[in-house]
Amino acid sequence: MVSAVLEDDQPRMNKILRDLLPVVVSFLKGHMGASKEDAEDCAQQTILLTIDTIKSGKIRDPERIYYYVMTTSKNNYLKLVDSNKEYHFDQLPKDAFRNPKQIEKIIEKERKVILQECMEELNDSYREFIEYWFENPNSSTARVAKHFGITLNNAWTRKHRVLNMLNECYKKKNEI
Amino acid sequence: MNESSRDINIRKKIDAYLKGKLREDEVDALWEEIFKNPRYLEYLQTEVTVQSIVNDKRDSSSDKNSSGNNNSAAGPNILRDRRKWYTLAAAVILFTTFIYLFPKVSGDSVRGMAIKKIAITEIESPDVKRSAKQNIKDSDSLLNLGFDAAVSGDMGRAIKIFTNITEKYKNTTHSAEAYLNLGILFYNQENFDKAARSFNKAAELFKQNDALTEKAWFYLGNTYIMQNKYNSARKALKKTVKFKGKHQNVASALLEEMNDAN
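Respectively, the protein sequence lines represent chains A and B.
Just so we're aligned, residue 8 is where the first sequence starts under the working numbering, counting upward by one.
Just so we're aligned, residue 4 is where the second sequence starts under the working numbering, counting upward by one.
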């Protein structure tokens, strides 16, 4: 990212920013509990600020640029929350930063509908496996492996395979 | 680490994150990885969405079951309930015996799992709704000032402000919040004696807010672990688990680790 900005490599920069923006938005929504609008505002501010900082040569360790982006987005959001306190308290979630369900804010309705279809298209054994995994979130992987009579490594491999299948299925259906 | 094992490692961390089993610093490290490799975001989104689909399915089938059960005869349910209670009682007896027989813990693995630093975002600030046309009280403003000082890194000032609140507004929710915040700041300074006193006081003062009481017990449990006071840690973490809140999973994992470390 740092070299793309410093070399003013526009196509590379566009690709990086296109990929990065949704990550910053998801981080603010899922981890910080931000609303969609706040997350989008802060993410844009963060990207602009990061580009300015890179251009002004203030980034000492280009390796940690993503850590810088993450921290800057967090600080931007905290500042926004702090300034909102005076004017928009009613919009602040009471349990901001501590709601265990806030990660669900990254769920997109359309993705959920498509993934639901994809799950129905899975073969029985894969569907049974992935449903068991998520129905028992507090179970250890060892217990899941024992339930299906497979090794621990195979349990992980199977989970990743099924999620990859679902991902691919989502991408295909989303393109249509 | 090659790309494939790195990939598997990240995916396992995503799984642990969603199960609430990562410490704050591990969560930050995971998000940094996702920032570096946005394709992991896709994986995280799929995982969270599939979890939500399965939860919806389970909820709708349990609704159907419970309405079906209402029509069945009471007898077998009572028997089932009794069996459940006997099993539960046996489990409690076994667990109590276990704790009684093996009270000592080898602490390194447990301390390794305890929180290293508590995120500043966990600092409490006042809960005031402008829509309710409430007047902002002095204690609210002070809590805000303390929050600002902590967020901007001026811990000395933050400690002074929160201490001031505990002295001025004794036995109020604001003083409970101030104690909780003091506990967090002392914990991060590794001043565990003062952190334990502050968290204890916060847990004692919070009366109507389950989320905050749970938080106070959870951090108190972690503080006791850092002080090697494992029996007290167990008590605090068991209280945490009872709230079935945000920290339930991690508190249970710490309790399990304390048992395994015997």
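Backbone N, C-alpha and C define an ideal beta-carbon position, used for all residues, glycine too.
What you are looking at is a predicted structure, and each value in this text was computed from that prediction instead of being measured.
Exposed is the label assigned to Leu-13 of chain A, since fewer than 16 other Cβ atoms lie within 10 Å of its Cβ. For Val-53 of chain B, a Cβ of chain A is located within less than 8 angstroms of the residue's own Cβ. Under the 8 angstroms criterion on CB atoms, Asn-83 of chain A is classed as non-interfacial with respect to chain B. The three-state secondary structure of Glu-27 of chain B, taken from DSSP, is helix. Residues of the segment 34-51 of chain B with a C-beta atom less than 8 angstroms from some C-beta of chain A are Trp-34, Glu-35, Ile-37, Phe-38, Lys-39, Pro-41, Leu-44, Glu-45, Tyr-46, Leu-47, Gln-48, Thr-49, Glu-50 and Val-51, listed in chain order.
Just so you know, the alpha carbons of Tyr-20 of chain B and Gly-159 of chain B end up roughly 33 angstroms apart.
CA-CA distance, Ser-64 of chain B to Met-172 of chain A, rounds to 26 angstroms. Note that the segment 73-90 of chain A does not touch the segment 127-146 of chain A; fewer than 3 beta-carbon pairs, one per stretch, sit closer than 8 angstroms.
Gly-248 of chain B and Met-20 of chain A have their C-alpha atoms spaced approximately 42 angstroms apart. Boundaries cannot be given for Met-8 of chain A, as no alpha helix (DSSP H) includes it and DSSP labels it neither H nor E. In terms of Cβ geometry, Ala-239 of chain B and Leu-208 of chain B do not form a close pair [threshold 8 angstroms]. Taking the Cα positions, Gly-186 of chain B is about 14 angstroms away from Glu-217 of chain B. Here Ser-201 of chain B is buried: its Cβ has 16 or more other Cβ atoms, across all protein chains shown, within 10 Å. Of all residues in the segment 62-88 of chain A, only Tyr-73, Tyr-74, Val-76, Met-77 and Leu-85 place a beta-carbon less than 7 angstroms from a beta-carbon of chain B. A distance below 7 angstroms between beta-carbons, with the five flanking residues on each side excluded, links Ala-161 of chain B to the following residues of its chain, in chain order: Gly-149, Ala-152, Ala-153 and Leu-188. Under the three-state reduction of DSSP output, Met-126 of chain A falls in the helix class. Those residues of the segment 19-37 of chain A placed with their C-beta closer than 7 angstroms to a C-beta in chain B are Asp-26, Leu-27, Pro-29, Val-30, Ser-33 and Phe-34, ordered along the chain. Counting the other Cβ atoms within 10 Å of the Cβ of Val-120 of chain A gives fewer than 16, which makes it exposed. Gln-123 of chain A has a beta carbon lying within less than 8 angstroms of a beta carbon in chain B.
A direct Cα-Cα distance of roughly 22 angstroms separates Tyr-139 of chain A from Glu-45 of chain B. Note that the segment 156-166 of chain A does not touch the segment 24-41 of chain B; fewer than 3 beta-carbon pairs, one per stretch, sit closer than 8 angstroms. Within chain B, not a single residue places a beta-carbon under 8 angstroms from that of Glu-127 of chain A; the smallest gap is close to 10 angstroms.
Remark: three or more beta-carbon pairs, one from each stretch, lie closer than 8 angstroms, so the segment 227-237 of chain B and the segment 111-123 of chain B are flagged as touching. Beyond the five residues adjoining it in sequence on each side, Ala-205 of chain B comes within less than 7 angstroms, by CB distance, of Ala-179, Tyr-182, Leu-183, Gly-186 and Ala-219 in the same chain, given in chain order. At a Cβ-Cβ threshold of 8 angstroms, Ala-256 of chain B and Lys-15 of chain B do not count as neighbours. For a cut-off of 8 angstroms, the C-beta gap from Ile-113 of chain A to Gln-48 of chain B is around 6 angstroms, short enough to register as a contact. For Asp-151 of chain B, a Cβ of chain A is located within less than 8 angstroms of the residue's own Cβ. Judged by beta-carbon spacing, Ser-10 of chain A lies beyond the 8 angstroms limit of Thr-53 of chain A, meaning their Cβ atoms are not closer than that value. Going by DSSP, Thr-226 of chain B is part of the alpha helix (DSSP H) stretching over 213-229. Separation of Tyr-133 of chain A and Gln-123 of chain A (C-alpha to C-alpha, rounded to the nearest whole angstrom) is 14 angstroms. Across the structure, Ala-236 of chain B and Val-113 of chain B are spaced so that their CA atoms are roughly 11 angstroms apart.
Excluding residues up to 5 positions away in sequence, Thr-148, Ala-149 and Ala-152 lie with their Cβ nearer than 8 angstroms to the Cβ of Leu-159 of chain A in the same chain.
Annotation for Pro-69 of chain A: Val-9 place their beta carbon closer than 7 angstroms to its own, counting only its chain and skipping 5 residues before and after. One finds Val-57 and Arg-61 in chain B with Cβ atoms closer than 7 angstroms to the Cβ of Glu-142 of chain A, taken in chain order.
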